[in-house]
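When you line the sequence shown up against this note's numbering, it's residues 273 to 1129, in that order.
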Amino acid sequence: MTCARFHRLVSSFSVLALLIGLAAPRAVRAEASWVHEQPAAGDFPLAPNGAAAPILYAQGDFAVVGIAARDLAGDVAAVTGRPPAVTTNAADVHGPAVIVGTVGTSATLDQVIRATGFDVSRLQGAWESFVIATVAHPLPGVPEALVVAGSDRRGTAYGVYEISQAIGVSPWHWWADVPPRHHASLYVSAGLRRFGPPSVKYRGIFINDEDWGLEPWVAKTFDPERGNFGPKTYRKVFDLLLRLRANTLWPAMHACSTPFNAIPENAALADEYGIVMGSSHAEPMLRNNVGEWKAAPDTYNYATNREGVRAYWEERIKTNGRFENIYTIGMRGIHDSAMQGPKGTAARVRILEQIFADQRELLAQYARPSPEPGATGAAGPASVPQLFCAYKEVLGLYRGGLKVPDDVTVMFPDDNFGYIRDFPQPDERGRAGGFGIYYHVSYLGAPMSYIWLCTTPPALIAEEMTRAYDHGIRQMWILNVGDLKPAESDTEFFLDLAWDITRGQRDRVADYLPAWAARQFGPEHATEIAAIMDEYYRLNFQRKPEHLQWWLPKQPPRPSPFTPEETAARLDAFRALRRRADAVAASLPAAQRDAFFELVGYPVAGTALANDRYFDGEQSAFATDRGEIALATRLADKANGANAALIEQTRIYNDLIAGGKWRHIMSLEPADGQWKSFRIAPWRVPTFALPASAATATGPEIAREAGHFTRAVAGKSVAWSVIPGLGLTGDSVGLFPTTAAAIPADRLSAEAPRLEYAMDFPAAGDFPVTFYTLPTHPISVGRPLQLAVGLDDAAPRPVIVHARDGSAEWAQGVLDETIPVTTTIHVDAPGRHTLRVYGVEPGIILDKLVVNLGSKP
């Protein structure tokens, strides 16, 4: 089947889903909150119709505990209009109080434990855990208290911010201008609530490719006195991370940005907030090479300048070793490039292993050991958290025999487009340092960048990250968020999974958008906002707005594979989506409209206008080719009008929203002439010829959404399961559990799971069948993605997906979000038959299958 016909099904399905609500998420469930406005027997009066309960913490507790306590006071005041007192002196407290403390560090909490027998045994030795409980008579003069007890400094802070979120303060209260709803009073239900430890130990974000958004905004709007990133900006980042229960930051590192550690106050502030600082795959030993390596670039070479490079690393560990860090070890080029010096795998492996030894010697000498509860604190490199990021060419070195010390976390990357490249193999999962993941929802690089809007569907994040977790990637998750805005929803979802991945994947995806919308805008509009965002992700998964040209840079322009009818259907779907978003915006209170524009309105309008611009321009090019000049002119005017409207929407974001707070944050792609080799061209009406009609004439077809099977039969140890919300045209299917072993070819008929699709064939013969798979990567090293197919009782035959990572097939696959593979089936006689699709091993995700009845091999 041609691309045009496949996309015809894509576009038609999108319109159908829009019309009959097939893609709408479930309604927001009415659940009683543990914080509410009307009191019940035994409730704790957090902010009754009088003064709010004071907040007490110990003077000797961690700095972040005081920060969180003061933030909670501000949050209660924002919700109720009544600011609680915050004190470290228990003698100042009379009546009900909020008591906040870290087990073993807070003298006040220790006093409560002694007086009441409050059980904190499950917190002792736990990582980042906390309880929130109502306690009677905890201190003299305090008849009742709401106690927040943390196992460590971040656990305590997370507990405090858990209350903030429960009273209605969004983690995005500042970063997306989400206002809290006013409540006349606040009461907390009696009882104990336990949280943690997290599913993933280190969870955080990477601010990256910040040249066109975050850095200009910081320099010109938020902190013009400094003119670049500094403590004022990072304080806001740290606040967000704690409210999202994250603990790790890789800071901004492009040449436009002041290196994080060039300002000593930054690291000290991170320590106050309890944030663990790290650095990216190209920045070993907390060194921002782009901004900090002052010698000639060719001297950043360990083979020829070992002492110079080592001294450069040593300087940083001396100054920052007293803080809680995760040290990236190894070496790449100054920016995102391969290491200079040795050539070939063997030589690079040898020098990297020498680099490991030298770096670990420095860490043993200067770096603070892990603060994990129960850690011995013994000297030596194994006591210092470290990671080795096997990114790009480095992954080949790791698989080529590189020996990474056992206590070091090995971090695997995705392919920059949301599909994880590699997974721990069974014989390596026992390593003491465990494994991490580096994942993207924003990327500047080949084959084409996507750094304007965030369109990675939560369903893809859930599928890939759940698979990672199931395969033992549980030590560290880092998300490349680009400029952070407008990646708010995906960032929260990723970190939410990292905090607690135990709930079922399918329920998690279906529940997330309604719950997220309710947190930001209230339950009244949550179902519709969630449905809008769900359709936004579906439409843009078919083609990202940054990829709305079908030729790669340096290639001659070529049209999309869409027919005029398909184009019209796609544009209708986007325009309908924009109308729905506009209707919600008009119905919201004025105080919520800035947040809605940032989180929903601009992304929806931006992608709708980007599609209008491109496809009206493409149809203008076709009209010109046909000699229909008047029509071509009208269509060109429409395309340029959409471009003008897109510029205006962006101006509104930058200049008007929140009173100009976000001026310079949003830049259309491409924002300038940099990195031309992997960015779309600046907008102009394209010029190319109308594609030949013969290209789409392939005859009748039988098409099936993968999730629309007639019957599913489970295998001996694995089964096909529907993955809701993930696919170009509907729900896809994958094999679960993903940890199951491959089924040998000679046992497929007896042991493999299968999907059955009943089909009516008009004639006998051999017919091509094309399977459209998502561009996932194999789980087992050295084995390709594959499935097997058979008609009726015919023996299953393998179907192998050939799309090597980095190949032209892979590049086209991640832009199209599908990799097609075609085989043939033999039909003995016309009539009803059953096409059977067998699962061979997990990893492959099937989206659609199409039998071409008009083309015989």
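A virtual CB, placed ideally from N, CA and C, is assigned to each residue, including glycine.
C-alpha of A704 to C-alpha of R588: approximately 26 angstroms in a straight line. Between N752 and N480, the gap from beta carbon to beta carbon is short of 7 angstroms.
Counting C-beta pairs with one atom in each stretch, the segment 502-511 and the segment 782-794 have fewer than three that are closer than 8 angstroms, which means they do not touch. The C-beta distance from G1006 to G979 rounds to 10 angstroms, too long to fall under 8 angstroms, and the pair is not in contact. With contacts defined by Cβ atoms closer than 7 angstroms, V372 and Y433 do not form a contacting pair. The beta carbon of E555 sits closer than 7 angstroms to the beta carbons of M525, N561, T600 from its chain, once the five residues preceding and following it are set aside; these are given in chain order. Just so you know, the alpha carbons of T839 and D1088 end up roughly 16 angstroms apart. Close CB contacts of L512 within its chain, under the 7 angstroms cut and outside five residues either way in sequence, are with P443, W447 (chain order).
Straight through space, the alpha carbons of W934 and W489 are spaced by roughly 7 angstroms.
Less than 7 angstroms separates the beta-carbon of E537 from that of P503.
With fewer than 16 other CB atoms across the displayed protein chains lying within 10 angstroms of its CB, T576 is exposed. DSSP, reduced to helix, strand and coil, places L998 outside both helices and strands of the structure shown, so it counts as coil. Rounded to whole angstroms, A518 and V666 show a C-alpha spacing of 27 angstroms. Bounds of the beta strand (DSSP E) holding M748 are 748-754. Taking 7 angstroms as the cut-off, the Cβ atoms of L1107 and F1043 do not count as close. Nearest in C-alpha terms to A387, of all of S401, Y670, S761, V407, is V407. Look at K1120 here: in three-state DSSP terms it is strand.
Counting only runs that start and end inside the segment 416-463, the alpha helix (DSSP H) elements of at least 4 residues fall at 425-438. Membership of H409 in the beta strand (DSSP E) is indicated by the continuous run 402-411. Counting along the chain, the unbroken beta strand (DSSP E) around D1038 starts and ends at 1037-1045. For V1061, the enclosing beta strand (DSSP E) has its first and last residue at 1058-1063. Counting every other CB atom within 10 Å of its CB across the protein chains shown gives L1063 a total of 16 or more, marking it as buried. When DSSP reads this structure, Q658 sits in a beta bridge with Y599.
Scanning V392, F478, A1022 for the CA closest to the CA of F467 turns up V392. Less than 7 angstroms separates the beta-carbon of L669 from that of V621. Residues F334, V336, V337, T374, G546 of the same chain have their beta carbon placed closer than 7 angstroms to that of R425, with the five preceding and five following residues left out of the count.
In the DSSP assignment, S1004 falls within the unbroken beta strand (DSSP E) covering 1004-1008. In the three-state scheme derived from DSSP, where H, G and I count as helix and E and B as strand, H819 is classed as helix.
When DSSP reads this structure, W992 sits in a beta bridge with L1007.
In its chain, beyond the 5 residues on either side, P817, L820, L918 have a beta carbon closer than 7 angstroms to the beta carbon of A882. Runs of the beta strand (DSSP E) spanning 3 or more residues and lying entirely within the segment 638-726 occur at 658-661, 681-685, 707-712, in chain order. Going by DSSP, L1107 is part of the beta strand (DSSP E) stretching over 1103-1111. If you keep only unbroken alpha helix (DSSP H) runs of at least 4 residues inside the segment 822-895, you get 836-859, 862-868.
Under the 10 Å beta carbon count, G563 is surrounded by 16 or more other beta carbons and is classified as buried. Here the alpha carbons of Y691 and W822 stand approximately 21 angstroms from one another.
By DSSP's assignment, D927 forms no beta bridge with any residue.
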